[in-house]
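One structure below.
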Amino acid sequence: MIGLAPWLIGSPLIGAAILLLWPVVLGRRSIDRWGHWLGVAASAASGVVAFILMFRMIGTPAEGRSVDHHLWTWLSAGGLDVDLGLRLDPLSLTFVMLVTFVGTLIHVYSVAYMDHDPHRRRFFAYLNLFVAAMLTLVLADSYLLLFVGWEGVGLASYLLIGFWDTGRPSARENAVAAKKAFVMNRIGDMGLIAAMALLFAHAGALDFGTALSDDSVGSMSQATATAIGLCLLLAACGKSAQFPLQAWLGDAMAGPTPVSALIHAATMVTAGVYLMVRSGAILEAAPTAQLVVVLVGAVTLLFGAVVGCAKDDIKKALAASTMSQIGYMMLAAGLGPAGYAFAIFHLLTHGFFKAGLFLGAGSVMHAMGDQTDMRRFGGLSRFLPITWITMGLGWLAILGIPPFSGFWSKDGIIEAAFIPVEGQPWRAWVFGTVAVLGAAITAFYMTRLFFMTFGGRRPRWTEGQHPHEGSPLMWWPLVFLGVGSAALGLVLGIGGTFTTWLEPVVGHAEHHEPVLPVWLIITATLVVVVLGALLAFRMYAVQLVPEEAPRGSALTRAARKDLYQDAANETLVVRPAYGLARVVQVGDRDVVDRGWGVLPQAVSWFGGVFRKAQTGYVRSYAAGMAGGVLVIAVVAWLVVGLGGAQ
587 MIGLAPWLIG SPLIGAAILL LWPVVLGRRS IDRWGHWLGV AASAASGVVA
637 FILMFRMIGT PAEGRSVDHH LWTWLSAGGL DVDLGLRLDP LSLTFVMLVT
687 FVGTLIHVYS VAYMDHDPHR RRFFAYLNLF VAAMLTLVLA DSYLLLFVGW
737 EGVGLASYLL IGFWDTGRPS ARENAVAAKK AFVMNRIGDM GLIAAMALLF
787 AHAGALDFGT ALSDDSVGSM SQATATAIGL CLLLAACGKS AQFPLQAWLG
837 DAMAGPTPVS ALIHAATMVT AGVYLMVRSG AILEAAPTAQ LVVVLVGAVT
887 LLFGAVVGCA KDDIKKALAA STMSQIGYMM LAAGLGPAGY AFAIFHLLTH
937 GFFKAGLFLG AGSVMHAMGD QTDMRRFGGL SRFLPITWIT MGLGWLAILG
987 IPPFSGFWSK DGIIEAAFIP VEGQPWRAWV FGTVAVLGAA ITAFYMTRLF
1037 FMTFGGRRPR WTEGQHPHEG SPLMWWPLVF LGVGSAALGL VLGIGGTFTT
1087 WLEPVVGHAE HHEPVLPVWL IITATLVVVV LGALLAFRMY AVQLVPEEAP
1137 RGSALTRAAR KDLYQDAANE TLVVRPAYGL ARVVQVGDRD VVDRGWGVLP
1187 QAVSWFGGVF RKAQTGYVRS YAAGMAGGVL VIAVVAWLVV GLGGAQ
């Protein structure tokens, strides 16, 4: 069965190659009619292989659930051999199932959503390219191959965010958003490159089996482990939109909605969490780096939640929510073995309910003439019943209402945050409180989004709107994702099924009691969630929603501008970088260029001076030679005389 593993990546990669190269060889007219279905089939084929391998691994004893499949030797130089291979274990296969299943549903949805786009074939080629790159990232058996997939998903994200960049001024937003995402991700990528360099210098290898072995990690100094851990965190912050590299995610909503669902909600932005959990052994050897991971997660989950409360654009509100929920995952990943399984569990359930919410937002936009302003929605539950019900399931799941999926995964993170750390008793109270507060704010902004869209005492539509459900190709994926939002957490959470499944990778977490009783944590969380939801219901369902955004408080105005993160980046990074570039430019032009320009002038001047000595007269040359001989004789006499005197 392991021989099927390369087809997980090969199927969508071949699909992307055919969709991109066919028009060059055979013309685009024919493939434009059926190319999108080839894209769906390529993703579905990868999903079938994933199911086969998953059921095979479920039937394997726990000690045999990690298999490395060698592909080929990439390069061999002296004593260095760089091999490429795939690692199949519970962690990688969990991601594979998420990417292929949710990815295939989004492919199907996109067939209808992109129906009138003249470049639909190219869109599906990019989607297939993304799926192949993401699977490469999570299946890699080394940091080097992981980096190949890491850059591949960055490229696919850039291409898909800017997909509607037509070159017209009206499409400038897409180009700017794509460039912003690309540049901010490259900043993070420097962290991954630096981490690989440090790992290679220490262990002499980058494969997980060697670099993360007990011998390698055990022989690391704490300073080395901390440096590697912080570099990996920088990479994760860029890819997963965590503070301070989160500013690109809201702008990335300029791309088509299926892109937002697949890349910027369910899969690519969770790659940073995967990197942290996969590198858990290094983080455990570096308590300082581990604490910074928790701090970044805590700051980001509150940052995204506050921003989500003020966004009227439905996609940007969901983007802020994604940022916040990944903050929960990052917080859990920094808690060590007690949090690893819950980080991945929440990642999995979040992939379902957030993809469903994004696709539901796309359905609403499709019904409302591509509008995204929730202040122009309202009362849509009667006209979009399937979208309303499926988004409602996603809404209850993200709130963490039992028995929906988010309850089992997010509440596990909250409980783990309250577990005390030896020597640092403050951590349990601070991070536990932050996690509960984040749940309350999440309940407020998601209830706000839900009732601004579907509830309200009267519609606020612009003139000429006739909302209606899309084709079955759009709402069937919503149904499947809605079922996952409702039941996946219950199926995997009861009895610790998912935690047990991941133990061969993340290790067994010793049971530790939180600083508060578990029943009290669960009750308190549910109480603040209900209070947050009721407050939003009163403001946006009972009361009339203004069609124009009121001025709001200072915090509201700041949240509308992403808490001035762009302004901070402009002041702290962009302007100093421009200043440095200006200094370099002036130095290059006025020092280097003009310096090299002065040199030939100086040579020419000296040549002119010495040229005067060339008279062309033999007597002058003879006199010069005689003078030279006389000077040499005098010098020789002085040297001999001084030597004799000594």
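Here the sequence shown is numbered in my numbering, starting from 587 and rising by one per residue. Note that the Cβ used here is the ideal one computed from N, Cα and C, for glycine as well. Keep in mind the model is a prediction, meaning the values are calculated, not measured.
Of the residues V803, W620, A630 and R614, the one placed nearest G596, counting alpha carbons only | Walking along the sequence shown from the start, residue 596 turns up at place 10. Relative to the Cα of G596, the nearest Cα in the group V803, W620, A630 and R614 belongs to A630.
What is the residue span of the alpha helix (DSSP H) that R673 lies within?
-> For the purposes of this step, residue 673 is identified with residue 87 of the sequence shown, where counting begins at 1. R673 -> not in any alpha helix (DSSP H); beta strand (DSSP E) instead, spanning L666 to L674.
Three-state secondary structure (DSSP) of T659 | Residue numbering aside, residue 659 sits at position 73 when the sequence shown is read from its first letter. Looking at T659 - three-state DSSP - the assignment turns out to be strand.
Using a threshold of 8 Å, state whether the C-beta atoms of A719 and V739 are closer than that.
-> Along the sequence shown, one-based indexing puts residue 719 at 133. Along the sequence shown, one-based indexing puts residue 739 at 153. Result yes, Cβ atoms of A719 and V739 sit closer than 8 Å.
Other residues of its chain near V879: CB distance less than 7 Å, five sequence neighbours each side excluded = For the purposes of this step, residue 879 is identified with residue 293 of the sequence shown, where counting begins at 1. Sequence-distant Cβ neighbours of V879 in its own chain, meaning closer than 7 Å and more than five residues away, are L819, M862, L869, M916, A919 and G920.
Would you kindly work out how many angstroms separate the C-alpha atoms of V1169 and R1175, rounded to a whole number?
-> Counting from 1 along the sequence shown, the entry for residue 1169 is found at position 583. Counting from 1 along the sequence shown, the entry for residue 1175 is found at position 589. Each residue's alpha carbon lies about 10 Å from the other.
Is the number of C-beta pairs between the segment 1029–1047 and the segment 972–992 that are closer than 8 Å three or more?
-> In this structure the segment 1029–1047 touches the segment 972–992; the number of beta carbon pairs closer than 8 Å is three or more.
Who are the Cβ neighbours of R1044 in its own chain at under 8 Å, not counting the five residues just before and after it?
-> Within the sequence shown, numbered from 1, the residue matching residue 1044 stands at position 458. The answer, listed in chain order, is G964, G965 and L1130.
Might you give, ordered along the chain, the residues of its own chain that have their beta carbon closer than 7 Å to the beta carbon of L792, omitting 5 neighbours on each side?
-> Within the sequence shown, the letter at position 206 stands for residue 792. Within the same chain, S728, Y729, L730, M782, L785 and F786 come within 7 Å of L792 by CB-CB distance, once the 5 residues on both sides are set aside.
Alpha carbon to alpha carbon, how far is V1022 from V1101? Give it in angstroms, no decimals.
-> Here residue 1101 is taken as the residue at index 515 of the sequence shown, counted from 1. Here residue 1022 is taken as the residue at index 436 of the sequence shown, counted from 1. Rounded to whole angstroms, V1101 to V1022 spans 14 Å at the Cα level.
Quick one: Cα of Y699 to Cα of G836, how far?
-> For this step, residue 699 is matched to residue 113 along the sequence shown. For this step, residue 836 is matched to residue 250 along the sequence shown. If I take the Cα positions, the gap works out to 21 Å.
Close-in-space but distant-in-sequence residues of the same chain around P1273 (CB under 6 Å, 5 per side omitted) | Beyond the ends of the chain as shown, which are 587 and 1232, falls residue 1273; an answer cannot be given.
Opening and closing residue of the alpha helix (DSSP H) in which L730 lies = For the purposes of this step, residue 730 is taken as the residue at position 144 of the sequence shown. Y729 to I747 is the span of the alpha helix (DSSP H), which, as asked, contains L730.
Is V1101 helix, strand or coil by DSSP?
-> Here the question's residue 1101 lines up with position 515 in the sequence shown. In this structure, V1101 counts as coil in the three-state DSSP scheme.
Contacting residues, own chain, Cβ-Cβ under 6 Å from W736 (five flanking each side not counted) = Numbered from 1 along the sequence shown, position 150 holds the residue referred to as residue 736. For W736, where only same-chain residues beyond five positions count, the Cβ hits under 6 Å are L723.
Between Q808 and chain C, is there a C-beta pair that is closer than 8 Å?
-> In the structure shown, chain C cannot be found, because there is only a single protein chain.
Which same chain residues, not among the five before or five after G824, have their C-beta less than 8 Å away from its C-beta?
-> Here residue 824 is taken as the residue at index 238 of the sequence shown, counted from 1. Excluding sequence neighbours, G824 sits near M770, N771, R772, I773, G774, D775, G777, L831 and G858.
Do G894 and L943 have their C-beta atoms closer together than 8 Å?
-> Position 308 of the sequence shown holds residue 894. Position 357 of the sequence shown holds residue 943. No; because the gap between Cβ atoms is not below 8 Å, this pair is not in contact.
Thinking C-beta only, is M643 closer than 8 Å to R651?
-> Within the sequence shown, the letter at position 65 stands for residue 651. Within the sequence shown, the letter at position 57 stands for residue 643. M643 sits close to R651, with the two beta carbons spaced by under 8 Å.
Going by other Cβ atoms of all chains shown within 10 Å of its Cβ, with 16 needed for buried, is A891 buried or exposed?
-> Counting from one through the sequence shown, the residue named residue 891 turns up at place 305. Result: buried.
Of the residues E1156, G998 and G1009, which one's Cα is nearest the Cα of G1081?
-> Counting from 1 along the sequence shown, the entry for residue 1081 is found at position 495. In this structure, G998 is the residue among E1156, G998 and G1009 with its C-alpha nearest to the C-alpha of G1081.
Top-ranked residue by Cα proximity to A924, from M960, L933, H1097 and H932 | Stepping through the sequence shown from its first residue, residue 924 is reached at position 338. With distances taken between Cα atoms, A924 lies closest to H1097.
Where the alpha helix (DSSP H) through L887 begins and ends | Here residue 887 corresponds to residue number 301 of the sequence shown, with the count starting at 1. Its alpha helix (DSSP H) spans residues P873 to G894.
Across which residues does DSSP place D654 in a beta bridge pair?
-> Here residue 654 refers to the residue found at position 68 when the sequence shown is read from its first residue. Answer is R673.
Residue range of the alpha helix (DSSP H) that G866 falls in?
-> For the purposes of this step, residue 866 is identified with residue 280 of the sequence shown, where counting begins at 1. Going by DSSP, G866 is part of the alpha helix (DSSP H) stretching over G866 to E870.
Among T1085, M839, V855 and P1011, nearest to G937 - alpha-carbon criterion | Numbered from 1 along the sequence shown, position 351 holds the residue referred to as residue 937. When each option's Cα is compared against that of G937, the closest is V855.
For the alpha helix (DSSP H) holding M915, just list the boundary residues, first then last.
-> Sequence index remark: in the sequence shown, residue 915 carries index 329 (1-based). Where M915 is concerned, the enclosing alpha helix (DSSP H) stretches over I900 to A919.
Do I692 and A847 have their CB atoms nearer than 8 Å?
-> Indexing the sequence shown from 1 puts residue 692 at position 106. Indexing the sequence shown from 1 puts residue 847 at position 261. Yes, the Cβ-Cβ distance between I692 and A847 is below 8 Å.
A726 - DSSP class collapsed to helix/strand/coil = Looking up residue 726 in the sequence shown gives position 140. In the three-state reduction of the DSSP assignment, A726 falls in the strand class, which pools E and B.
Looking only at DSSP bridge pairs, what is D801 linked to?
-> In the sequence shown, counting from the first residue as 1, residue 801 sits at position 215. D801 pairs with nothing; no bridge assigned.
Where D959 sits in the DSSP three-state scheme = Numbered from 1 along the sequence shown, position 373 holds the residue referred to as residue 959. Strand, per DSSP.
Proximity of V653 and L1059 at Cβ, strictly below 8 Å = Position 67 of the sequence shown, counted from the first residue, corresponds to residue 653. Position 473 of the sequence shown, counted from the first residue, corresponds to residue 1059. No; because the gap between Cβ atoms is not below 8 Å, this pair is not in contact.
A896 vs T1142 beta-carbon contact at 8 Å | Translated into the one-based positions of the sequence shown, residue 896 becomes position 310. Translated into the one-based positions of the sequence shown, residue 1142 becomes position 556. Yes, they are a contact pair.
For the alpha helix (DSSP H) containing I1268, list its first residue and its last residue.
-> This structure gives no information on residue 1268, because the portion of the chain shown stretches from 587 to 1232.
Three or more beta-carbon pairs under 8 Å between the segment 797–807 and the segment 741–749, yes or no?
-> The segment 797–807 vs the segment 741–749: no contact.
Could you check where the alpha helix (DSSP H) with R758 kicks off and where it finishes?
-> Locating residue 758 in the sequence shown gives position 172, where the first residue counts as 1. Segment R758 to A789, the alpha helix (DSSP H) holding R758.
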